[in-house]
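Chains L and R, in that order, are what the protein sequence lines are. Mapping of the first sequence onto the working numbering: position 272 corresponds to residue 272, and the numbering continues sequentially without gaps. The working numbering runs 1000 ahead of the 1-based position in the second sequence. Every residue, glycine too, gets a C-beta built ideally from N, C-alpha and C. Comments concern the structure below.
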Amino acid sequence: MRLRHWQDEFRTMNRTTLDLAIRYGFLVLLGGLALFFSLYASGFASPRSAVFILQSVAITGILALGVTCTLVVGGFDLSIGSVATSALMLSAYSMVILEQSAFVAVVLCLVMGAVVGLINGFLIVKMRVPDLLATLGMMFLLIGLQRIPTQGNSIATGMSLGEGQVAEGTFSAAFLWLGRHRFDLFLDRLLPVPVVVFLLIALLIWLFLGYTRHGRLMYAIGSNQRAAELVGTNVQRYKIVAYMISGMLASVGGILLAARLGRGDIASGNNLLLDSVAAALIGFAVLGAARPNAFGTAAGALFVGILLQGLTMMNAPYYMQDFVKGAVLVAALVFTFYLSSRRGGRRTA
Amino acid sequence: MPDVTCKLNGLDKSFGRNHVLRGIDLELRAGEVTALMGANGAGKSTLVKVLCGYHFADAGEIELGGAPFRPLDAADAISKGVVTVHQSIDDGVIPDLDVATNLMLDRLTEPGVGLFVNDRKLRRQARTVAESMGLTMDVRTRVADLEVADRQMIAIARAMARSPKLLILDEPTSSLSAAEADRLFALIDRLRADGVAILYISHRMSDIRRVADRIVSMRDGAISGVFETEPLDYVGAVNAMLGHQMTEVDIDPVEGGKPVLEIEGLRLFDNAPEISLTAREGEVVALTGLLGSGTTELAEILYGLLQPAGGAIRLDGKAYLPKSAENAVANGVFLSPKDRSVNAVIPDFDIANNMTLPFLKAFSRFSFLSERGQRRAADEMIGRIGVVCQGNEDGIDTLSGGNQQKVMIGRWLLRASRVLLLDEPFQGVDIGARRDIGRYIRQTAKGRTTLVFVAEIDEALEIADRIVVMHEAAIVGEHINRNVDLNRLVADVSGPSRAQDQRADAPQALAG
């Protein structure tokens, strides 16, 4: 009975109100949250705190933008977290043990990400393995693979290589710059490099998905693959490219993480996959898009960041974090699917 | 006169402004096969859906065995004794399960069945059902591994397991070979003798000749003719179904200029007969034939979705054998596919983006889309082809079927083509939109050749300069669209009647 009552309430709700709620509800919530924490958590409303939030979401945000591309073509990429940690280990390995330059390390990681994406795409498009299963398999494969060269140990300068040898390479300064340098903006040393990279990538993906014909065709594929194929779209190529973008962005995330940590830490990046997928899915609700989109993904990542930072500053215990993230995700999904279907139902009625 | 099993009284049904059933009165009698004929959109499938509980009638009532019958849903209709075998086979079977489970599935959902499935018992029961149908396959075979025809037989066998009072067969032979169809007809004979009322929906005249005790023709949502005196007046039934519609569209057939598309000795699949056809600039050629006659395969070959088994195609004198849709479009061969919701519509996009989808490259510079260009082109096409909408930003889902189809066809008229292939362009389209589309296709026909693939004869008559009839993957007739001898045309479409099969020189490729 309660449910029926609720449904009636929605039905009697003015259509424009509903439309507005779907469109701007999430952004209003985001603003309200920021306002709430500014008032009740001292020190929340400051440039440094804002940058801190951005920094905390930069890497998950970059991964989330990658997974957004695969969601757009109707796919999914579960391997992004392990691609990022693989990039973390690979960059450390190439600099510390192989004693290569920062440039070589970055290039190696990007190539690795692209190749993983290519294999994912190949498995899904040519071998017809369902996307979730293919990328799940790839995830396990990479989690194992990244530990083989070091027998499961983390990589740091001075680590023992056996037979009395010691790793003599170091993380180069140029590489660490990627994770630690801060640009001056109004205040000295305000804007960290990862934040700039995140904002740039978000802008690029936003333009690519929203305003180029390639992006439009990718959305068409996600909406009706058969129809996209029959207007002469090379569906297979676009799908593979989507997974390659996802793989490369994941390895960008891994590089930035390595540069911030300054060591090949085997235990980092455990949360990357779930956090970034959550950001991309929350993004569905932003502006009532009801589909994956770059702006939504960035806003979704930001939303989670603000919430966690605010709660931390209000001394909420750390174990609250996952619970809060889950609650936000569920609320966003209800927003997207339930409310939008209401609206859709009204339109055709 | 036998007992009336099912009686329809003033059945009425509308979808929005679309008045689909207009006061249907019909009696279906026990032990009698009533053939229902009707053109596309005549309301046959809506009538069936009302009977099998899929739609509610807006007005009127149904009586079944003397009691009022108002099924709540499909399951309710079945439990009351109205069983339907739908045209789309996979509606009737679960491909991943084996034959035995499929045959006995309805038993499994009955209340009071135990928790555990006794496989051996299930198979034994299934074998009995299968044998009574003349099915010989191992009941442990997965349905997905069976031939299409066998799957159809399973769907029908499932319906039989419910011992129905009224059995509705919707185009049951469309994917059956001659031998299998004979098996079905034998079964229908047995059911008729058992006193089941059968509503048989088909376009195949040979089937109707074989099984029908009476023929009911439908047109524009009403019954336009009932034929039940021996001998049945088949030509009268076809005329009642087509009505005088075609005189409403006057076609002055054009000859066509130079050949654009030349097909020589093309074989649609292994062991298929050779097809030769020339389509000329400026003419509209309708290819018509029943389901499985090969029209769809021909369209797919021309659009690069299917590779032929042999023969040659020339486009403007040059060899043409597309490997993909992309390839075909690049050569100026466009296809508007059938089943638009599956094959053409992008449900998330608005009108403008749906329309411009194939030509996004032309609407973008350095890959960046010019939204204004897209919208301007869409607006222009909306005006020319007459899409009823608020504006080009309307979601495609907000449009009626006919208007959606206009967008899907308009999509391919944005750019000039050499060959325009239209596969079932009037599917699920109301009569007004159908006229608009037909008119616009003919208006723009200059400078290209247009091939229209339609199963309905009257649709072919409405749009084409020339009508080519296909049957069993062969071309069996050609008619210039001027004072067409309808009886000959209908005879070509329904193929040589079964008695003449032995003498026909067209190989029976599909049979077997």
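Query: For Ile-245 (chain L), report the span of its beta strand (DSSP E) as first-last.; Result: Looking at the DSSP string, Ile-245 (chain L) is not in any beta strand (DSSP E); the run it does join, the alpha helix (DSSP H), is 235 to 261.
Query: For His-214 (chain L), does the three-state DSSP call read helix, strand or coil?; Result: helix
Query: Going along the chain, which unbroken runs of the beta strand (DSSP E) with 3 or more residues stay wholly within the stretch 1135 to 1178 of chain R?; Result: 1166 to 1170
Query: Taking the C-alpha atoms as reference points, what is the distance between Gly-1432 (chain R) and Gly-1438 (chain R)?; Result: 10 Å
Query: Please identify the residue among R:Asp-1250, R:Arg-1123, R:Leu-1169 whose C-alpha is closest to the C-alpha of Asp-1458 (chain R).; Result: R:Asp-1250
Query: According to DSSP, is Thr-1247 (chain R) part of a helix, a strand, or is it coil?; Result: Annotation note: pLDDT 48 at Thr-1247 (chain R) (below 50); position unreliable, coordinate value reported separately. Thr-1247 (chain R) falls in the helix class under three-state DSSP.
Query: In or out: Lys-1121 (chain R) buried (at least 16 other Cβ within 10 Å) or exposed?; Result: exposed
Query: Please identify, using Cβ separations under 7 Å, the residues of the stretch 66 to 93 of chain L that lie next to chain R, in order along the chain.; Result: none
Query: Determine whether the Cβ of Met-1246 (chain R) lies closer than 8 Å to any Cβ atom of chain L.; Result: The predicted model places Met-1246 (chain R) with a pLDDT of 47, which falls under 50 and marks its position as unreliable; any figure quoted below should be read in that light. Not one chain L Cβ lies under 8 Å of Met-1246 (chain R).
Query: Just the chain R side, please: which residues come within less than 7 Å of Asn-224 (chain L) by C-beta, in chain order?; Result: Val-1345, Ile-1346, Pro-1347
Query: By DSSP, does Cys-1006 (chain R) sit in helix, in strand, or in coil?; Result: strand
Query: Which residue spans inside the stretch 63 to 149 of chain L form an unbroken alpha helix (DSSP H) run of at least 4?; Result: 80 to 92, 102 to 125, 131 to 145
Query: When we look at the beta-carbon of Asn-224 (chain L) and count the other beta-carbons within 10 Å, is it buried (16 or more) or exposed?; Result: buried
Query: For Ala-1312 (chain R), which of R:Met-1205, R:Ile-1263, R:Leu-1199, R:Ile-1078 has the nearest alpha-carbon?; Result: R:Ile-1263
Query: Nearest-angstrom Cα distance between Asp-77 (chain L) and Phe-36 (chain L)?; Result: 35 Å
Query: Is the CB of Ser-1364 (chain R) under 8 Å away from at least one CB in chain L?; Result: yes
Query: Does Glu-1326 (chain R) come within less than 8 Å of chain L when only Cβ atoms are used?; Result: yes
Query: Compare the C-alpha of Pro-292 (chain L) against each of L:Tyr-40, L:Arg-48, L:Ser-42, L:Val-67 and name the closest.; Result: L:Val-67
Query: Should Leu-1369 (chain R) and Arg-216 (chain L) be called a contact, given that it needs their Cβ atoms to be closer than 8 Å?; Result: yes
Query: Taking 8 Å as the cut-off, decide whether the C-beta atoms of Val-1451 (chain R) and Leu-1287 (chain R) are in contact.; Result: The amino acid at residue 1451 (chain R) is misidentified as Val; the sequence shows Leu. Yes, Cβ-Cβ distance for Leu-1451 (chain R) and Leu-1287 (chain R) is below 8 Å.
Query: Relative to the C-alpha of Ile-1385 (chain R), which residue among R:Tyr-1440, R:Ser-1293, R:Val-1254 is closest?; Result: R:Tyr-1440
Query: Have a look at the DSSP bridge pairing and note the partners of Asp-1098 (chain R).; Result: R:Arg-1142
Query: Our contact map puts Leu-1008 (chain R) next to Leu-1026 (chain R) with C-beta atoms below 8 Å; I'd like the distance itself, whole angstroms only.; Result: 4 Å
Query: Excluding the five sequence neighbours on either side, which residues of its own chain have a C-beta within less than 6 Å of the C-beta of Pro-192 (chain L), listed in chain order?; Result: Gln-55, Arg-182
Query: What do you reckon, are the CB atoms on Ala-332 (chain L) and Ile-205 (chain L) nearer than 8 Å?; Result: no
Query: At a CB-CB cut-off below 8 Å, which residues of chain L make contact with Lys-1361 (chain R)?; Result: Arg-213
Query: Taking 8 Å as the threshold, find out whether the stretch 303 to 314 of chain L comes into contact with the stretch 43 to 51 of chain L through three or more Cβ pairs.; Result: yes
Query: Determine, using beta carbons only, whether Lys-1013 (chain R) comes closer than 8 Å to chain L.; Result: no
Query: Distance, Cα to Cα, Asn-1271 (chain R) vs Phe-1366 (chain R)?; Result: 49 Å
Query: Where Lys-1323 (chain R) and Asn-1331 (chain R) are concerned, what is the direct C-alpha to C-alpha distance, given to the nearest angstrom?; Result: 11 Å
Query: Determine, using beta-carbon pairs with one atom in the stretch 227 to 244 of chain L and one in the stretch 254 to 268 of chain L, whether at least three such pairs fall under 8 Å.; Result: no
Query: Among all the DSSP beta bridges, which residues are the ones paired with Ile-1457 (chain R)?; Result: In DSSP, Ile-1457 (chain R) forms no bridge with anything.
Query: Using the beta-carbon count (16 or more within 10 Å), is Asp-184 (chain L) buried or exposed?; Result: exposed
Query: Does chain R have any CB closer than 8 Å to the CB of Val-231 (chain L)?; Result: yes
Query: Answer yes if the stretch 267 to 274 of chain L comes into contact with the stretch 1384 to 1400 of chain R, meaning at least three C-beta pairs across the two stretches below 8 Å, and no otherwise.; Result: no
Query: Just to confirm my understanding: we take Phe-335 (chain L), look at its own chain, exclude 5 residues before and 5 after, and list those with CB closer than 6 Å. What are they?; Result: Ala-285
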